[in-house]
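Colleague: Chains as they are written, first to last, in my numbering: chain A, 560 to 755; chain B, 14 to 815.
Heads up, the beta-carbon is just placed ideally off N, CA and C, and yes, glycines get one too.
Sharing a structure, written as structure tokens. Questions coming.
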């Protein structure tokens with residue numbers, strides 16, 4: 560009888576330990592802060608690590624209803640580099656509306672082109688936590704490239720914003736399919752993630 | 014029924030039952046799958062086959078790659094999607110630049126691209142047979158390596174298998190992009206490039222038989238009007254994509270010419286076949302010619318500028334300008350710049366930029382401008398870098414590989430640890446194993462020994478610091494679960510309280526079937542071993558000798574079935590605190606044998622050298638008589654091991670043999686002045702008996718000692734080994750196994766005798782590696798490569814413990 564009781568105790572203790580271990584491991588594997596928020600609030604979370612101008616950079620994505628959130632976090636950026644990183648990330652959007660002079664390696668020469676006016680990014684501002692935040696309304700194709708040359712290729716519409724909080728720089732893109740794009744809803748998501 | 018069974022069972026039985034079900038249905042299938050996927054031991058043959066493919070020109074190489082991959086996949090049908098990674102290090106190697114049969118194939122992106130392309134075709138073939146309607150699923154799992162090579166190959170093959178159905182091709186195009194995580198504009202262009210190849214195959218000429226090495230098909234007439242159709246399809250893409258697509262159409266045309274006329278250089282050189290293809294392409298005629306000329310510059314003429322034949326390259330571009338006009342000719346020179354730009358970026362040889370100076374005066378700017386643009390462009394792309402002099406390597410460790418441990422001395426006087434890797438199977442490639450990510454602060458590696466435990470590769474490093482006042486060193490164990498040097502991680506690190514970990518050896522010292530690592534230090538003689546217990550390394554002391562341990566050997570020399578740790582020790586040199594007038598300066602060979610029952614070590618002195626200080630015992634290089642390097646050896650072919658030792662002071666070579674109750678000593682050489690450390694032992698003539706190979710001084714004559722009928726036969730292998738480089742020295746010899754029947758090679762490092770600070774900037778202080786090979790009993794020297802900074806070698810070791 561005592562032996563059975565001991566076995567039961569061992570079982571209970573083992574179960575508690577296993578649960579604790581699983582919880583600990585889950586916590587350890589969870590990305591910190593804003594990425595954790597993205598992971599736990601939305602579906603199909605994916606993340607890849609790389610570098611951006613010699614800083615650690617994490618590119619993540621998650622699905623929302625009829626769309627996708629793309630979030631890039633450039634980590635531990637020094638004060639001197641912050642402006643440059645923001646400018647570089649922002650220019651990925653702003654250059655789309657400019658005449659692009661581009662070396663085409665398949666052609667062996669520099670080429671110029673620009674996208675139709677209707678697909679150029681539109682700059683707007685919104686107020687978040689008492690400060691003004693710039694964002695762009697953009698169109699994107701199936702791989703979320705902003706270079707749209709025809710209506711047929713425009714699969715998504717969304718907002719893009721680049722900002723810094725603490726020592727990190729963030730680029731967030733909130734896309735919806737063309738017909739389901741709702742600016743206010745997208746801005747609400749942006750506000751959720753701004754300096755979270 | 015179930016409930017009654019469970020009621021009868023006690024809690025613990027239920028637990029075991031659940032555990033059993035879990036193991037049976039979850040763990041066991043996973044384990045079986047993992048085993049079937051484990052290609053670790055099987056792929057060596059295929060890697061060698063891939064190496065062999067690379068001696069061929071492109072048209073043969075492609076089909077060759079396909080055959081190797083096909084054969085590999087038939088043997089490993091359930092292999093993981095990223096299995097190709099075991100091959101890539103062999104595709105991406107620096108030696109291509111020196112030895113490639115076709116220099117135009119030297120851009121790694123080209124060689125790697127065609128390998129991945131071949132892989133994509135094979136995978137498409139296999140996939141299509143069972144699932145022709147869902148190509149998206151295959152493209153989802155393909156890679157982005159080497160300009161989407163496998164995607165391009167798969168798209169071409171799938172299109173062909175579906176009879177170039179337009180709707181299907183559109184689906185493939187879309188899937189090409191959607192399968193890529195974080196795809197960008199460059200990927201868009203490369204997917205469009207794949208389409209261009211498909212359109213060529215669809216409208217102009219089905220090139221797929223050529224991919225399988227079938228050159229017997231009729232080429233027939235290439236109609237410009239058909240090429241126009243392919244161009245037209247390309248023109249419907251976005252402006253970002255069109256030129257990539259056009260480029261592929263022309264690339265296919267170029268390939269066709271190359272594949273058919275590869276043996277007839279003259280025909281291929283006049284390019285009439287290619288240019289005829291552009292005739293009749295209507296509104297696309299100009300883009301056809303320009304892209305074609307650019308392709309000729311890139312794929313053909315550029316490589317001439319890596320050789321002395323650059324004038325021939327200039328002539329080709331000049332002829333094209335003459336035939337088509339200057340507006341087209343400039344693309345030839347831009348192609349040269351593009352080729353050089355790729356080589357410079359991939360191989361990091363900036364000096365090649367000067368090759369544009371060899372271009373015709375008025376077109377130098379076309380070359381250099383294109384080179385510059387390409388360099389900028391490639392910086393934005395993920396490029397597989399080759400193995401270079403200063404690489405982050407991506408090399409799978411070869412069974413025949415060799416490690417050279419030592420210390421780099423930079424021109425600013427800074428010292429850092431050096432570990433070079435030589436792979437004889439991979440064209441004797443020479444690689445500097447980078448430790449940059451570890452930020453090691455020790456300054457040199459004295460010994461590096463591999464050890465494999467639980468199927469994972471580990472490297473044990475005995476290290477040292479330089480300079481007065483350093484009293485400790487670090488023992489490091491690095492781990493690479495993938496058998497690649499770029500994946501090394503620190504698994505264990507321990508500070509050892511002596512200036513230098515002088516000796517490291519691996520072997521089973523406690524007869525438990527697992528290998529341990531034994532280290533010995535100088536000058537204080539800490540003898541310690543490390544054992545992997547419960548997934549961690551634990552160190553144990555064996556002895557503290559308070560004198561230098563020079564070398565360690567683990568072998569069963571006394572033939573009792575238990576390995577001994579054998580060490581050569583002496584109080585001098587390396588210890589300034591020894592009082593010569595009072596100290597015992599005996600050099601000794603000692604052994605330790607583990608006694609399991611008592612958990613102790615039985616210590617035995619195998620041999621003691623002269624006990625007192627005698628001036629005559631100091632040779633001209635200032636040594637007291639003491640033993641140094643130990644080699645296990647079967648010199649008489651009886652299948653049992655003896656031990657060869659070189660002795661400093663007397664400069665002898667000696668043999669120790671167990672006679673059943675004690676060790677006997679035999680002096681093999683006491684007439685010649687032997688080198689301190691350039692000695693090695695092994696069966697170099699394949700007669701079943703080991704020979705001793707040693708270097709004599711001062712002539713640097715390499716001598717082989719062969720044991721026959723109770724006596725030693727001395728034979729000169731080669732004289733004056735370092736010939737014209739008299740300021741150099743050879744520190745070590747190593748007998749290198751080789752996978753074919755050409756026999757063992759003698760590897761050696763030639764380096765500066767003294768690294769004098771004022772001369773450190775001179776390239777002559779770099780270490781060069783050579784090997785000696787035997788052809789019809791004549792030993793000749795072959796150059797392997799050099800370090801790119803002054804290096805002092807401390808030893809040569811096998812890269813994989815066998």
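Checking contacts by CB at 9 Å: is residue 769 of chain B closer than that to chain A?
Modeller: Residue placement at residue 769 of chain B cannot be trusted, given a pLDDT of 45 that sits under 50; what the coordinates show is reported in the next sentence. No, because no Cβ of chain A sits closer than 9 Å to the Cβ of residue 769 of chain B.
Colleague: Report yes if the C-beta distance between residue 477 of chain B and residue 495 of chain B is below 9 Å; otherwise report no.
Modeller: no
Colleague: Given a limit of 7 Å on CB to CB distance, which residues of the stretch 229 to 261 of chain B reach chain A?
Modeller: 251, 252, 253, 256, 257, 260
Colleague: Between the alpha carbons of residue 725 of chain A and residue 593 of chain A, how many angstroms are there, rounded?
Modeller: 12 Å
Colleague: Drop a sphere of 10 angstroms on the beta-carbon of residue 791 of chain B, count the other beta-carbons inside from all chains shown, and report buried for 16 or more, exposed for fewer.
Modeller: Per the 10 Å Cβ criterion, exposed.
Colleague: With a threshold of 9 Å between beta-carbons, can residue 311 of chain B be considered close to chain A, or not?
Modeller: Closer than 9 Å to some Cβ of chain A, the Cβ of residue 311 of chain B qualifies, so yes.
Colleague: Count the other CB atoms within 10 Å of the CB of residue 567 of chain A; is the residue buried (16 or more) or exposed (fewer)?
Modeller: exposed
Colleague: If I'm right that residue 609 of chain B touches residue 524 of chain B with Cβ under 8 Å, what's the distance once you round it to whole angstroms?
Modeller: 7 Å
Colleague: Using a beta-carbon distance cut-off of less than 8 Å, what residues from the stretch 664 to 685 of chain A approach chain B?
Modeller: 664, 665, 666, 667, 668, 669, 670, 672
Colleague: Of all Cβ atoms in chain B, is any one closer than 9 Å to the Cβ of residue 712 of chain A?
Modeller: yes
Colleague: Run through DSSP, which three-state label would residue 772 of chain B get?
Modeller: Annotation note: pLDDT 45 at residue 772 of chain B (below 50); position unreliable, coordinate value reported separately. Residue 772 of chain B: helix per DSSP, three-state reduction.
Colleague: Return no unless some Cβ of chain A is closer than 9 Å to the Cβ of residue 861 of chain B.
Modeller: Nothing can be reported for residue 861 of chain B: it is not among the residues displayed for chain B, which extend from 14 to 815.
Colleague: Expressed to the nearest angstrom, what Euclidean distance is found between the alpha-carbon atoms of residue 772 of chain B and residue 423 of chain B?
Modeller: Reliability of the predicted coordinates at residue 772 of chain B is poor, the pLDDT of 45 falling under 50, and the value obtained from them is presented with this limitation in mind. The straight-line gap from Cα to Cα measures roughly 11 Å.
Colleague: For residue 599 of chain B, which of helix, strand or coil comes out of DSSP?
Modeller: coil
Colleague: Leaving out five residues before and five after residue 414 of chain B in sequence, what residues of the same chain have Cβ atoms less than 7 Å from its Cβ?
Modeller: So the qualifying residues of the chain are 434, 435, 436, 812, 813.
Colleague: What are the start and end residues of each continuous beta strand (DSSP E) run of 3 or more residues lying completely inside the stretch 670 to 704 of chain B, in chain order?
Modeller: 676 to 682, 687 to 695
Colleague: Could you check whether the Cβ of residue 407 of chain B sits closer than 9 Å to any Cβ belonging to chain A?
Modeller: Residue confidence for residue 407 of chain B is low, a pLDDT of 37 falling below 50, so the modelled location carries little weight; the figure read from the coordinates is stated next. So no, residue 407 of chain B is outside the interface.
Colleague: In angstroms, rounded to a whole number, what distance separates the CA positions of residue 678 of chain B and residue 669 of chain B?
Modeller: 5 Å
Colleague: For the stretch 183 to 212 of chain B, enumerate the residues whose C-beta is nearer than 8 Å to any C-beta of chain A, in chain order.
Modeller: 187, 190, 191, 193, 194, 195, 196, 197, 198, 200, 201, 202, 206
Colleague: Along chain B, in chain order, which residues have C-beta atoms closer than 8 Å to that of residue 605 of chain A?
Modeller: Residues of chain B whose Cβ lies closer than 8 Å to the Cβ of residue 605 of chain A are, in chain order, 194.
Colleague: Does DSSP put residue 660 of chain B in a helix, in a strand, or in coil?
Modeller: Three-state DSSP puts residue 660 of chain B in a strand.
Colleague: Report the rounded CA-to-CA distance for residue 803 of chain B versus residue 458 of chain B, giving the unit in angstroms.
Modeller: 15 Å
Colleague: Could you round the C-beta distance between residue 352 of chain B and residue 315 of chain B to whole angstroms and report it? I think they count as a contact, below 8 Å.
Modeller: 3 Å
Colleague: Applying a beta-carbon distance threshold of less than 8 Å, which residues of chain B neighbour residue 623 of chain A?
Modeller: Ordered by position in chain B, no residue passes the 8 Å Cβ test against residue 623 of chain A, which lies about 18 Å from the chain.
Colleague: Assuming residue 809 of chain B contacts residue 760 of chain B (C-beta within less than 8 Å), just tell me the rounded distance between them.
Modeller: Confirmed, Cβ separation roughly 6 Å.
Colleague: Our contact map puts residue 348 of chain B next to residue 384 of chain B with C-beta atoms below 8 Å; I'd like the distance itself, whole angstroms only.
Modeller: No, residue 348 of chain B and residue 384 of chain B are not in contact; Cβ-Cβ is about 11 Å, not under 8 Å.
Colleague: Let me check understanding here. Comparing Cα to Cα, which of B/289, B/191, B/205 lies closest to residue 169 of chain B?
Modeller: B/205
Colleague: Could you please give the first and the last residue of the uninterrupted alpha helix (DSSP H) stretch that includes residue 343 of chain B?
Modeller: Following the DSSP letters along the chain, one finds residue 343 of chain B inside the alpha helix (DSSP H) bounded by residues 339 to 360.
Colleague: Applying the criterion that 16 or more other CB atoms from any shown protein chain within 10 Å of the CB defines a buried residue, is residue 651 of chain B buried or exposed?
Modeller: exposed
Colleague: With 16 as the cutoff for other CB atoms within 10 Å, does residue 798 of chain B come out buried or exposed?
Modeller: buried
Colleague: Is the distance from the Cβ of residue 77 of chain B to the Cβ of residue 226 of chain B below 9 Å?
Modeller: yes
Colleague: Thinking C-alpha only, which one of B/367, B/174, B/748 is nearest residue 828 of chain B?
Modeller: The first residue shown for chain B is 14 and the last is 815, placing residue 828 of chain B beyond what the model contains.
Colleague: Against residue 390 of chain B, what residues of chain A qualify as contacts under a CB-to-CB distance less than 7 Å, listed in chain order?
Modeller: 662, 664
Colleague: Can you check whether the C-beta of residue 383 of chain B is within less than 9 Å of a C-beta belonging to chain A?
Modeller: yes
Colleague: So residue 694 of chain B and residue 705 of chain B are in contact, right, with Cβ under 8 Å, and what is the actual spacing, rounded?
Modeller: 5 Å
Colleague: Given residue 216 of chain B, which residues of its chain have a CB within under 6 Å of its CB, disregarding the five upstream and five downstream residues?
Modeller: The answer, listed in chain order, is 239, 242, 243.
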